[in-house]
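Engineer: Quick note on our numbering: the sequence shown kicks off at 2 and runs consecutively.
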Amino acid sequence: MTQNRQRALIKILNWQQDDIEERFGVTGGRYTDVNVLLTLFIGVGLTVLFYGGLWGINVLFTGAAPGGASSPDEGILFQTLSAILGSGFSDMFLHRGITPVVICLFTSWSLSILLIKWRKLLFQKKVLTLMVVPQNAGFELTQESARDILSRMYGLVDDPQYFLLLNRIDRALANLQNMGMVADLSALLTTQAQNDEDRMESSYGLVRGFVWAIPVLGFIGTVLGLSRAIGSFGGVLLQTDGIGQLKTSLQEITTGLSVAFDTTLIALIAALFVQLIMVALKKKEEGFLDACNDYCHANIISKLRLSQKGN
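(1) Relative to the alpha-carbon of Trp119, which residue among Ala281, Phe42, Cys293 and Leu166 has its alpha-carbon at the smallest distance?
(2) Between the alpha carbons of Ala23 and Thr40, how many angstroms are there, rounded?
(3) Taking the alpha-carbon positions, what's the Asp34 to Met201 distance?
(4) Whole angstroms is fine: what's the gap from Arg209's alpha carbon to Glu145's?
(5) How far does the alpha helix (DSSP H) with Leu165 in it extend, from its first residue to its last?
(6) Can you tell me where the alpha helix (DSSP H) with Asn196 in it begins and where it stops?
(7) What's the C-alpha gap between Asn300 and Gly44?
(8) Does the distance between the C-beta of Asn59 and the nearest non-hydrogen atom of the ligand ADP fall short of 6 Å?
(9) Opposite Leu305 in the DSSP bridges: which residues?
(10) Answer yes or no: do Ile150 and Val134 have a C-beta to C-beta separation smaller than 7 Å?
(11) Are at least three pairs of beta-carbons, each pair with one atom in the region 159-170 and one in the region 13-32, less than 8 Å apart?
(12) Could you tell me which residues DSSP pairs with Leu14 in its beta bridges?
(13) Can you say whether Met154 is buried or exposed, counting buried as having 16 or more other CB atoms within 10 angstroms of its CB?
(14) Tell me whether Asn137 sits in a helix, a strand or coil according to DSSP, three-state version.
(15) Determine the direct distance from the alpha carbon of Leu61 to that of Glu286, and round the result to whole angstroms.
(16) Would you kindly report the start and end of the unbroken alpha helix (DSSP H) that includes Thr100?
(17) Going by the beta-carbon positions, is the gap between Asp263 and Met132 smaller than 7 Å?
(18) With a threshold of 16 other CB atoms inside 10 Å of the CB of Val169, please say whether the residue is buried or exposed.
(19) So, helix, strand or coil for Leu131, using DSSP?
(20) Rounded to whole angstroms, what is the Cα-Cα separation between Gln136 and Gln18?
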């Protein structure tokens, strides 16, 4: 008997120790909700790393070819990488104004939110493996056996309120004595399931806002670039001092057009990338909610036996 009590004190899942946000030393969001300030900090860090890497690539590949090349092929390879990474890809972010920086920050922030949510979802899924309700065919859930389930549940985790599935079971069994029919418990679990689905939907609100805002930023960059190009074109029309200065003015026009189209391209690709990841993660989270519904139906509702009032 003493050994059984000692085993009950061992927590299989400890949210306050194992939740990824708690490990960072911040207050973790409930279930798969995230701490906004933590994800912002991670997003800023990813943006700094990205631009630091671009700056390093730009320095490496925009200089002259390294001296003492052993073969012409090495010079060709260096020139190819320089064209792709140096004056091409990195220039889209380093020489297109502030708009690509904000786009990169919003994208990194979105990805950090989705990453933290994914880790928290994996942790929540571990609850499905816990033997909270006895699995033997003859088990019946009554007001008396519900107390044993609650005691076992509090022995398996630090607090059921931190786990979506256990919180449902805790609320249902805690109100079992006030119910007269199985339909009452089913209605309670259905209401709680709807609340969890609404909470899940609202947890993606910030990411959905970024998916909307990122293309808008790209269009703003397009307008700024076109405005710059049109302004330069007006100067070209007044340029009559020679072909050399005319070429210089035309280069300013093409630079403005580059800003316009590059920012739009970056924004559309970033928004599409975030949207695809969000849809995939949301599908996994919906699958987890469905699994919780099935668990409650198979282990709570189908095993419930209530005594008739008045007996």
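The beta-carbon is built from N, C-alpha and C at its ideal position, and this holds for glycine as well.
Structural biologist: Concretely, from the data shown:
(1) By one-based count along the sequence shown, residue 119 stands at place 118. Comparing Cα-Cα distances from Trp119 to each of Ala281, Phe42, Cys293 and Leu166, the minimum goes to Ala281.
(2) Here residue 23 refers to the residue found at position 22 of the sequence shown. Here residue 40 refers to the residue found at position 39 of the sequence shown. First, the amino acid is wrong: residue 23 is Glu here, not Ala. Each residue's Cα considered, the two are about 13 Å apart.
(3) On the sequence shown, residue 34 is found 33 positions in, with the first residue counted as 1. On the sequence shown, residue 201 is found 200 positions in, with the first residue counted as 1. About 8 Å.
(4) Here residue 209 refers to the residue found at position 208 when the sequence shown is read from its first residue. Here residue 145 refers to the residue found at position 144 when the sequence shown is read from its first residue. When rounded, the distance between both Cα atoms is 46 Å.
(5) Indexing the sequence shown from 1 puts residue 165 at position 164. Residues Leu165 to Ala175.
(6) Counting from one through the sequence shown, the residue named residue 196 turns up at place 195. Note, Asn196: alpha helix (DSSP H), Val183 to Ser204.
(7) Taking the sequence shown and counting its residues from 1, one reaches residue 300 at position 299. Taking the sequence shown and counting its residues from 1, one reaches residue 44 at position 43. In a straight line, the C-alpha of Asn300 is about 41 Å away from that of Gly44.
(8) Within the structure as shown, the ligand ADP is missing, as the structure has no ligands at all.
(9) On the sequence shown, position 304 is the one that residue 305 refers to. Paired residues: Leu142.
(10) Looking up residue 150 in the sequence shown gives position 149. Looking up residue 134 in the sequence shown gives position 133. Yes, they are a contact pair.
(11) yes
(12) Numbered from its first residue, the sequence shown carries residue 14 at position 13. DSSP output for Leu14 lists Val158 as bridge partner(s).
(13) The residue given as residue 154 occupies position 153 in the sequence shown. So Met154 counts as buried.
(14) The residue you call residue 137 lines up with position 136 of the sequence shown. If DSSP states are grouped into helix, strand and coil, Asn137 belongs with coil.
(15) Sequence index remark: in the sequence shown, residue 286 carries index 285 (1-based). Sequence index remark: in the sequence shown, residue 61 carries index 60 (1-based). Distance between the alpha carbons of Glu286 and Leu61: 43 Å.
(16) Counting from one through the sequence shown, the residue named residue 100 turns up at place 99. Note, Thr100: alpha helix (DSSP H), Thr100 to Lys126.
(17) Locating residue 263 in the sequence shown gives position 262, where the first residue counts as 1. Locating residue 132 in the sequence shown gives position 131, where the first residue counts as 1. No, these two residues do not count as a Cβ contact at 7 Å.
(18) The count along the sequence shown starts at 1 and reaches residue 169 at position 168. What sits at residue 169 in the sequence shown is Arg, not Val. So Arg169 counts as buried.
(19) Start at 1 with the first residue of the sequence shown, and residue 131 comes out as number 130. Look at Leu131 here: in three-state DSSP terms it is coil, with no helix or strand label.
(20) Locating residue 136 in the sequence shown gives position 135, where the first residue counts as 1. Locating residue 18 in the sequence shown gives position 17, where the first residue counts as 1. Going from the Cα of Gln136 to the Cα of Gln18 covers about 29 Å.
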